[in-house]
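Letter by letter, the sequence shown follows residues 5 to 284 in our numbering. Below: the structure, in structure tokens.
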Amino acid sequence: MKLGTYLQNKREKSGITLKEMERGSGIKRSVLQIIEAGDLTLLPEPKHTRFLIRKYADFLNLDAEQLLERFQDEIPDTRTDNQKRNQKSNQDLQYLKKVLFGFITMILVLFAVWLVLLQIGSQGDIFETKRIYETENEVTDLTADKEEEETPEESPAEEEAEEPAEEAEEEAAEEPEASVNFVNREGNTLVYNVTAPEELTLELSGNESSWVSLTDDLDNNYLYEESDGGTFDIDPEATVVNLALGNSTSFDISLNGTSVDNSQRGDTVTVYYQFNITRE
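Okay, here's the thing in structure tokens:
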């Protein structure tokens, strides 16, 4: 029995549909179907096969490491890709060295030409420094006094007009654009209720790269790759947004500038977020 068939049987025996699997694991339905079909080389990123199998197995409470060891012959070999990537990196490095060497050589040549010209000019009095004009002390003092007289003072009316504007900006800054409330935790999934205007922006900021999957209930795929964060405009018609983080402890999440409370995730590394959205 192949790995894909084994996983499909386990999912079906658990009574879990593909839609439920997609929402709970954070893996797109098309990717789930490729995994269950058995040809893992057809995945968008075969190098992430082990990560996807672990997410699949974790959702079904299976031993991921045992599965990977049992079906290791079916896991795509990424060593060839790594070799190609290393070869390309070496080529890029050699090209960069050539460019830097050429640039430094050009700078040295220009510097040498400048020294020669400077030497020739000093011998022939070509570069003679002359003052174009002199400024008397009386003229300088007169100019300074005139500038002080012309400097207008702020009128009390202008100061009073600026104060209400600053107070209005402070009040506008204090009003949150989105309300995010934690509801409960289901396994590795944290559920939140979000009240927001039609324009909703989700912002991720991470200290290091991690596998990230960001989708909604309209089958929009905002991000599905290794990333260290970014800003994403959510579809105005979406009512559920699903976020999966492979290394959640290094990420902060905010919705329209409102930070998401991550205290419920504890020390869990792989965490799934479900945001139920109500539009104002």
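Beta carbons: idealized from backbone N, C-alpha and C, even for Gly.
Taking C-alpha atoms, which residue in the options lies nearest to residue i?
i: W215; options: S254, L64, T262; result: S254
i: P240; options: L204, G234, N246, D271; result: L204
i: R189; options: Y277, P48, E16, S29; result: Y277
i: T53; options: F63, L64, I38, L66; result: I38
i: F279; options: N94, E69, L249, V244; result: V244
i: I281; options: Q91, N185, N94, V273; result: N185
i: G261; options: D271, L206, D232, T272; result: L206
i: L11; options: S252, D271, L66, L46; result: L66
i: N224; options: S231, E230, N246; result: N246
Return yes when the Cβ of residue j is within less than 8 Å of the Cβ of residue i, no when it is not.
i: E4; j: G8; result: Residue numbering for the chain in the displayed model covers 5 to 284; residue 4 lies beyond these limits and cannot be assessed.
i: A242; j: L259; result: no
i: L208; j: G250; result: no
i: V198; j: A182; result: yes
i: S213; j: G30; result: no
i: Y226; j: F236; result: yes
i: F63; j: M5; result: no
i: G28; j: T193; result: yes
i: E1; j: P201; result: No statement about residue 1 is possible, as the shown extent of the chain runs from 5 to 284 and does not include it.
i: K32; j: T219; result: yes
i: L44; j: P80; result: yes
i: V35; j: L56; result: yes
i: L46; j: A61; result: no
Where does residue i fall in DSSP's three states?
i: I38; result: helix
i: V113; result: helix
i: I3; result: In the structure as shown, the chain starts at 5 and stops at 284, and residue 3 therefore has no counterpart that could be examined.
i: N94; result: helix
i: T9; result: helix
i: T253; result: helix
i: L247; result: strand
i: L206; result: strand
i: G106; result: helix
i: G125; result: helix
The segment 65-84 contacting the segment 263-272, beta-carbon criterion three pairs below 8 Å: no
contact_flag[the segment 103-120, the segment 66-76] where n(CB pairs < 8 Å) is 3 or more: no
Continuous alpha helix (DSSP H) assignments of at least 4 residues falling wholly in the segment 22-78: 22-29, 33-41, 53-63, 68-74
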